[in-house]
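In the working numbering, the protein residues as written are 2 to 88.
Encoded as structure tokens, the structure appears first; notes follow it.
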């Protein structure tokens, strides 16, 4: 893939455990068009850092939008089960 646009999204969680759970959940889905978009996720302390590289701005927008949608679901689940031991 020839890269011409990129973006970084940083999500801060209440703990590093929550960030690791979010990473494990969000990292299972491969990109639909890996020849047009590349995604890299990593945990840094209590933050989930997502890097996106794309060959078109609209592909970057679609990937970032989809990531935010899924991250919102994950965050709501983590908040719902926040009182569980080990989370």
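Cβ coordinates follow ideal geometry from the N, Cα and C atoms, glycine included.
All values reported here derive from a predicted model rather than from experimental measurement.
In the DSSP assignment, residue 68 falls within the unbroken alpha helix (DSSP H) covering 58-81. Taking every protein chain shown into account, the CB of residue 75 has 16 or more other CB atoms within 10 angstroms, so this residue is buried. The alpha carbon of residue 64 has as its nearest neighbour, out of 47, 30, 24, the alpha carbon of 30. In the structure shown, residue 11 falls within a strand segment according to DSSP collapsed to helix, strand and coil.
Two segments are said to touch when three or more pairs of C-beta atoms, one from each, lie closer than 8 Å; by this definition the region 22-29 does not touch the region 56-63.
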